[in-house]
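These notes are about the structure you will find just below.
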Amino acid sequence: MKDSNHFYEMLLPELGSKATSELQFQELELFITTTMDESSRDNELEWLQAKKKSRLEWINIVNTRIIDWLQRNTLDSDI
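Next comes the structure, spelled out in structure tokens:
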């Protein structure tokens with residue numbers, strides 16, 4: 501049990517930091533639900549939801565900035 505907790509402590513932050521899409525977060529949630537025991541599952545799912553919210557908000561901000569830049573800079577071009 502102790503070894504598996506250490507495994508999750510090392511693995512989940514790494515996987516969570518790499519996830520960038522809704523599907524990847526759903527797959528991580530499925531992984532947590534099917535492999536972890538019930539006592540530690542809830543904390544990890546809460547952590548994952550917070551990470552997901554933060555990551556998707558950041559992606560939305562970046563995408564909005566990219567779209568705004570493209571709209572401003574392609575109006576004057578010949579494209």
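Using our numbering, the first residue of the sequence shown is number 501, and each one after it goes up by one.
Ideal Cβ positions, reconstructed from N, Cα and C, are used throughout, including at glycine.
Note that the structure is a prediction, hence the values are computed from the model and not measured.
| Item | Value |
| --- | --- |
| Exposed unless 16 or more other CB atoms sit within 10 angstroms - verdict on L548 | buried |
| Residue of D537, I532, E557, E527 minimising C-alpha distance to L545 | I532 |
| Nearest to A519 (by Cα), restricted to the options F507, D537, I566, S554 | S554 |
| Within 8 Å, strictly: CB atoms of L528 and L511 | no |
| Entirely enclosed alpha helix (DSSP H) segments - the stretch 509-569, minimum 4 residues | 522-535 |
| Nearest residue (CA-CA) to K551, options Q526, E538, N563 | Q526 |
| Straight-line Cα distance separating Q524 from L530 | 10 Å |
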